[in-house]
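Comments concern the structure below.
In my numbering, the protein residues as written are 4 to 893.
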């Protein structure tokens, strides 16, 4: 099988990601073994409200464990969604929703995972009867799998089989209804926009009422005419200013600040505490104490007290401003993802050809109307609209936007092209093979999106801290309030410490509220997910696809990197350099049986033998292209293949394979094998009917720059090891050429995986780099599996990181990006915790007795908001990441 970058298949279905190093956070809610998940399971997506904080995610998990039949939950608190995998024979969506609702969550059933082949169509001026007729006709149409109708919005969603129909054909069927393509916005984009708008509107509403409160409390009293008016007593000691501050503060407290009450209710109902609880406690303390002051002033003729309405309103305004700036900054963490999503062109040139390949017509159409097996023309300078195969023309294509490879690649008939890449200097005719969400570009976007929403192990530290932090803060605030109150009532500090218009109780209350507010652990919760989102997007732009936060975090701890040889350390395009006969079988027979058997193998060495043998057949005058039939084909992992050709047993593989089948290998064969191995070449022997008929000497040179990669890894303390199924002599020769000192050769796939497990037992974090089917076990066994982008699909599925450029230098990029990301996460943690550790004593008034500095609650709220924004900005620094200096030029 030819192995090229374009063969890349990226698994996006969460059901395939069944270990801890995958793209999404997976919580096993039922204790079922992984293989059971793939037998009889359905998936539903749910929108969960009040999922902003991690403690709630744990509560959701606990709720779902009580539902019999739930096998797995995939939780994404950042977008308030959960995907539930369940046994339809044991439960259903209604029971799952009921269990979640009973735990205090607001839940909404979303659609099931989108079909990759689904088109949305907008109709005009159709009646209810027309919609019913449309549904009936579409359901009977060839290739239509399902139809979803929105009668009110006059929209139709159609799932289809791409081999039978497509968007253009479906639009043609509905042309009498003036049908047009409708592209629904991505749910995540809509949610982010809604969140930004919500916080913006809440902040503006809060400001609308908070500004007058501040003016009535701090500005106008200093201006004699207005000050006298505000101090006018309306009844007993109740002044006009107090009433106005109360009137304007109340909408801020209960309308703009409603989200804090809702969040606190859900958190307390789930027996947890979060930022909402702290904000609600602080603002309610200020507000209701101020209401008490109003009541006393209304009922007394001598009572004098200071209200804190401006404290409550300003505190809520600053916190809402901080949340608004935070969601705006978080939106920028996905800039790389947004750029990827818009790489594909808006239009494409569709060609119509006759049976003889002559062009009948060409037409510019929307890219989303392209169907499988269409022929599109790509002129110089234009972007490739979707994945396809070149059928005519020759040109260089710049794939840097997808793979990060700056060097343009020559494309000729038979080569594959990727949607979103740029055609440089020639005209290409391309037959489309993958469209819609099935293109490489779409799969990359979905993969990076999943990785951005995944949960890194480092986040567990924040979860543990937050779990105990809020109760500790409440206790600290209470102790602060009681301490200052006791010292004030006992006369342990001078009266001039108390600001004008306050008493001991009010000063103590302000210190307690400040502690509550400044200690909110928002920044701590943002430290990890924001860094993961930026790093995942940056990695994708550099051609390094990271399938999850666990892989991104584990890569920085790698101490041993195990490399496969063929296709990984070597170019992966072997060439036959010699052919030798060892018996009376003619060369044509040797070539025929080699072609017949090796054509069934996916190994790169087999492909090189087949290509060379076909050339040899032509050289000896053979004109037939018909392959001989192979029966009882069998693969011997790490050794070769075998089968029966014209009922004669044939083996093609290494010397170990022949010896295992008791086939004598004479001195002549031994000398040929040893000579090839000395030259770092692989010797493939062909045995026909129990005798060695001949051999092929195959060379596969190391990839350029491999030695520099091994040297760099050594310089940063990482050991490089080679494991291969090839013979010892060839393996040692290749290893010496690239600078690897430790080699394990003649290993089958199970042996490779066992070697990985043995290395892990030493306590080191082990990464495996491979590209073939025989590497998939080892990739899965490693702490971090790294697949070459040009490798086989199964290897890519088993890996945690995919190198799109198929360049070993990106192993360094992946590890270095991981190190920079983890460094940034810990820096965020240090900043967030340090901020609270330093801020809480200051808010508690530790500096007040010495230098007279204190933090009013509104200022503490501003500082808390600033800490969250600063952590997000710190994560955004990763957008400036560059490869290590040694490899920047590539």
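Virtual Cβ for every residue (Gly too), placed ideally from N, Cα, C.
Beyond the five residues adjoining it in sequence on each side, residue 47 comes within less than 6 Å, by CB distance, of 87 and 96 in the same chain, given in chain order.
Looking at the DSSP output, residue 844 shares a beta bridge with no other residue. Sequence-distant partners of residue 651 (beyond 5 residues in either direction) whose C-beta falls short of 6 Å from its own C-beta, in its chain, are 692. Annotation: the stretch 253 to 299 contains the following complete segments of the alpha helix (DSSP H) (minimum length 4 residues), in chain order: 261 to 272. Of the residues assessed, residue 183 falls on the exposed side of the cut-off, its CB having fewer than 16 other CB atoms within 10 angstroms. Residue 575 and residue 604 have their C-alpha atoms roughly 15 Å apart.
Scanning the stretch 518 to 591 for uninterrupted beta strand (DSSP E) segments of 3 residues or longer gives 547 to 549, 561 to 566 and 578 to 584, listed from N- to C-terminal end. With respect to residue 788, residue 764 sits apart: the two C-beta atoms are not nearer than 7 Å.
Contact between the stretch 703 to 715 and the stretch 644 to 661 is absent, with fewer than three C-beta pairs closer than 8 Å. In terms of CA proximity to residue 71, 89 leads the group 622, 675, 89 and 487. Excluding five sequence positions before and after residue 311, the CB atoms of its chain that fall closer than 7 Å to its own CB belong to 289, 292 and 293, given in chain order. Residue environment: residue 213 is assigned as buried (16 or more neighbouring CB atoms within 10 Å of its CB, all protein chains considered).
DSSP lists 564 as the beta-bridge partner residues of residue 723. Around the beta carbon of residue 731, fewer than 16 other beta carbons lie within 10 angstroms, which makes this residue exposed. Sequence-distant Cβ neighbours of residue 100 in its own chain, meaning closer than 8 Å and more than five residues away, are 49, 110 and 112. Residue burial annotation: residue 667 is exposed, with fewer than 16 other C-beta atoms found within 10 angstroms of its C-beta. By the Cβ test, the stretch 227 to 238 is not in contact with the stretch 199 to 212, since fewer than three Cβ pairs between them sit closer than 8 Å. Under the DSSP assignment, residue 610 falls in the alpha helix (DSSP H) whose first and last residues are 607 to 622.
The beta carbons of residue 875 and residue 721 sit no closer together than 7 Å. For the 7 Å CB-CB criterion, residue 824 and residue 530 do not form a contact. In this chain, residue 71 is not harboured by any beta strand (DSSP E), its DSSP state being neither H nor E. Distance from the Cα of residue 598 is smallest, within the candidate group 241, 609 and 588, for 609. DSSP, reduced to helix, strand and coil, places residue 686 within a strand of the structure shown. Between residue 195 and residue 262, the alpha-carbon positions lie close to 17 Å from each other. Rounded to the nearest angstrom, the gap between the Cα atoms of residue 562 and residue 68 is 37 Å. The beta carbon of residue 376 lies closer than 7 Å to those of 434 and 435 in the same chain, with the five residues before and after it left out. Separation of residue 850 and residue 500 (C-alpha to C-alpha, rounded to the nearest whole angstrom) is 12 Å. Looking at the DSSP output, residue 78 shares a beta bridge with 85. Under the DSSP assignment, residue 402 falls outside any alpha helix (DSSP H); it carries neither an H nor an E label. In the three-state reduction of the DSSP assignment, residue 145 falls in the coil class. Burial is judged here by how many other beta carbons sit within 10 angstroms of a residue's own beta carbon; residue 151 has fewer than 16 and is exposed.
Between the alpha carbons of residue 426 and residue 805 lies a gap of roughly 24 Å.
Within the stretch 180 to 218, complete alpha helix (DSSP H) segments of at least 4 residues are found at 190 to 217, given in chain order.
Residue 810 is classed as buried because its beta carbon has at least 16 other beta carbons within 10 Å across all chains shown.
Nearest C-alpha to residue 161 among 169, 154 and 155: 169.
In this structure, residue 537 and residue 879 form a Cβ contact; the two beta carbons are roughly 6 Å apart against a cut-off of 8 Å.
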